[in-house]
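Residue numbering for the sequence shown follows UniProt numbering, beginning at 1 and increasing consecutively.
Where is the CB? At the ideal position from N, CA and C, for every residue including glycine.
One structure below.
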Amino acid sequence: MTHARQHQIQVVAHRGASEDAPEHTLAAYKKAVEDGADALECDVRLTADGHLVCVHDRRVNRTSNGRGAVSALELADLAALDFGSWRLAGEGPEAGPDGDSDGDSDGEVPDWEEGPDPADTSVLTLERLLELVAENNASGRHVQLAIETKHPTRWAGQVEERLLHLLKRFDLDAPPAGGPSPIRVMSFSARSLHRVRAASPTLPTVYLMQFVSPRHRDGRLPQGVRIAGPGIRIVRNHPGYVAKLKRAGHQVHVWTVNEPADVELCARLGVDAIITNRPKQVLSQLGRN
Ligand code: G3P
Ligand code: CA
C-alpha cells in the first residue's frame, strides 16, 4: 500500500494482539510487542480494594472462569481466576464498548490452540503492564501505551487518581523533554480526561467517540483534548469527518479497525493511528513487515 510511505500510521494493539491471544493478558501484550506493534491499548477498572486491572467488561464472566463485577472483587479474588481458557473454548474475540458480550464478536475461532504459559493469562494489573512497557523501552524496543479509563464517573476521580499515582511511580506521568509521550489516556468521558489533564497537563488525552454528537460535529473536541478517537463506523459513514478533525488541529486515532478495507480507508484518509485486534496483519498491509 503506497499510503504508508507518505505517512506512517501508528499501529496500536487493541487489548494486546487480541485476535491471537486472550485479550488483556500478558500473553496478548507480549505477542503484540513481538508482532511489531507501535503501541498497546488497554482498558482499566478499579477492584474493590483499589487496584487498577486490565479488564474490558464490567464483569469477569466473559473473559475468565469466574463470575462477578470487577468492582466487587478484590485483586486476590481475580488472581485466582484463569483469563486464558475461554479462548480455547473458541469464544469470539470481542465485546462491544463497555458491554459484557453483546458487541462486535464475529465468532471466529482463534488461531491459538495450545495456549500460552498460565502465568501469562492471570489477571493483568496495570502495574504489570507498565513494567512490560518500561522493560521494553529500557531495552530500546519503544512501545507506547494507550490507557482507557472505564466507567470513571462511578468512582468520582479514584480511577484517575490511582492511574496518575502509578504513572508517577514509573516516571511516565509526563512526556520526556523533547520526546513523544510513551503514555496517553483515552476515555469516552470528557470529565475523566479533564481530571487527568488537571493532574498532569502534558499527558496526551484521547476523546473516544461512538457517534458524532452535535457539539463535536464541526471537529471541535472537549477543551484541552488534542486527539480524537472515532470508532470505525463513524469513519465509514462520515469520511469527511476525519478531514474536519485534522483541520481543527487534532490527531485521529481510529478503533477498532480489523478489516483490510477499513485499513485501506483509514490510510487513504490519513489517520494517525489504527487501533486493531490484529496488529501483525495491519502492519503487513501497511508494508511494515
Ligand atoms: O480503543 C478504543 C476502544 O477500545 C473503545 O472501545 O469497547 O473496545 O473499549 P472498547
Ligand atoms: Ca478500550
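Is residue i near ligand 2 - that is, is its Cβ less than 7 angstroms away from at least one heavy atom of it?
| i | result |
| --- | --- |
| aspartate 43 | yes |
| histidine 253 | no |
| glutamate 19 | no |
| glutamate 131 | no |
| glutamate 148 | yes |
| histidine 250 | no |
| histidine 142 | no |
In three-state DSSP terms, what is residue i?
| i | result |
| --- | --- |
| cysteine 54 | coil |
| glutamate 108 | In this prediction, glutamate 108 has a pLDDT of 42, which is less than 50 and means its spatial position is unreliable; nothing more can be read from the coordinates. |
| valine 254 | strand |
| glycine 99 | Note that glycine 99 has pLDDT 46, beneath the 50 cutoff, so the model's placement of it is unreliable and the number below is only indicative. Here glycine 99 sits in coil by DSSP. |
| threonine 125 | strand |
| histidine 14 | strand |
| leucine 145 | strand |
| isoleucine 9 | coil |
| arginine 59 | strand |
| alanine 267 | helix |
| alanine 174 | coil |
| alanine 69 | strand |
| aspartate 77 | helix |
| asparagine 289 | coil |
| aspartate 82 | coil |
| residue 321 | One cannot answer for residue 321 here, as it falls past the ends of the chain, which runs 1 to 289. |
| leucine 221 | coil |
| histidine 151 | coil |
If distances are taken between C-alpha atoms only, which option among the options comes closest to residue i?
| i | options | result |
| --- | --- | --- |
| leucine 40 | Glu161, Arg288, Met186 and Glu160 | Met186 |
| glutamate 74 | Cys54, Leu269 and Leu46 | Leu46 |
| arginine 128 | Asp117, Phe170 and Gly157 | Phe170 |
| histidine 194 | Leu172, Pro176 and Pro222 | Pro222 |
| tryptophan 14 | Ser122, Glu23 and His7 | The question names tryptophan, but residue 14 is histidine in the sequence shown. Answer by Cα proximity: Glu23. |
| arginine 268 | Thr25, Arg184, Arg217 and Leu286 | Leu286 |
| glycine 178 | Thr202, Val225, Val70 and Thr25 | Thr202 |
| proline 176 | Ser64, Ala156, Asp77 and Pro204 | Pro204 |
| glycine 224 | Arg58, Ala198, Val212 and Asp38 | Ala198 |
| glycine 140 | Asp262, Asp38, Leu78 and Ile275 | Asp38 |
Which stretch, first to last residue, makes up the beta strand (DSSP E) that contains residue i?
| i | result |
| --- | --- |
| valine 185 | 183–187 |
| aspartate 43 | 39–46 |
| glycine 229 | 227–230 |
| alanine 273 | 273–276 |
| valine 206 | 205–209 |
What are the boundary residues of the alpha helix (DSSP H) that includes residue i?
| i | result |
| --- | --- |
| glutamine 281 | 279–285 |
| glutamine 158 | 158–169 |
| aspartate 117 | Unbroken run through aspartate 117: none, as it is neither H nor E. |
| arginine 247 | 240–247 |
| lysine 30 | 26–35 |
Please find out if some non-hydrogen atom of ligand 1 comes closer than 7 angstroms to the beta-carbon of residue i.
| i | result |
| --- | --- |
| methionine 186 | yes |
| glycine 229 | yes |
| histidine 24 | no |
| histidine 151 | no |
| isoleucine 275 | yes |
| alanine 208 | The question names alanine, but residue 208 in the sequence shown is leucine. Result yes, Cβ under 7 angstroms from ligand 1. |
| histidine 56 | yes |
| threonine 256 | yes |
| histidine 51 | no |
| tryptophan 14 | Sequence inspection shows histidine at residue 14; the tryptophan mentioned does not correspond to that position. Checking every heavy atom of ligand 1 against the Cβ of histidine 14, one is found closer than 7 angstroms. |
Going along the chain, which residues of its own chain have a beta-carbon closer than 6 angstroms to the beta-carbon of residue i, five neighbours each way excluded?
| i | result |
| --- | --- |
| aspartate 98 | Note that aspartate 98 scores a pLDDT of 45, beneath 50, so its modelled location is shaky; the value from the coordinates is reported in the next line. So no residue of the chain qualifies. |
| lysine 31 | Ala17, Asp20 and Ala21 |
| valine 252 | Ala228, Val242, Leu245, Val271 and Asp272 |
| asparagine 289 | Gly36 and Leu283 |
Please go through the same chain and pick out, in chain order, the residues whose beta-carbon is closer than 8 angstroms to the beta-carbon of residue i, but skip the five residues on each side of it.
| i | result |
| --- | --- |
| asparagine 136 | Val33, His142 and Val143 |
| alanine 27 | Gly16, Ala21, Gly84, Pro116, Asp117, Asp120 and Thr121 |
| leucine 163 | Val44, Leu52, Leu126, Ile147, Thr149, Val185 and Val196 |
| alanine 134 | Phe170 and Leu172 |
| leucine 265 | Val235, Arg236 and Pro239 |
| aspartate 111 | With a pLDDT of only 49 at aspartate 111, under 50, the local geometry of the prediction cannot be trusted, and the value read off the model is given with reservation. Closer than 8 angstroms at the Cβ level, and outside the excluded window around aspartate 111, lie Glu19 and Asp20. |
| leucine 167 | Leu130, Asp173, Ile183, Ser200 and Leu203 |
| alanine 80 | Gly66 |
Cutting at 7 angstroms between CB atoms, please list the residues of its own chain near residue i, excluding the five before and the five after it.
| i | result |
| --- | --- |
| aspartate 49 | Glu74 and Leu75 |
Comparing the CB of residue i with every heavy atom of ligand 3, is any distance shorter than 7 angstroms?
| i | result |
| --- | --- |
| threonine 63 | The model on display carries ligand 1 and ligand 2 but not ligand 3. |
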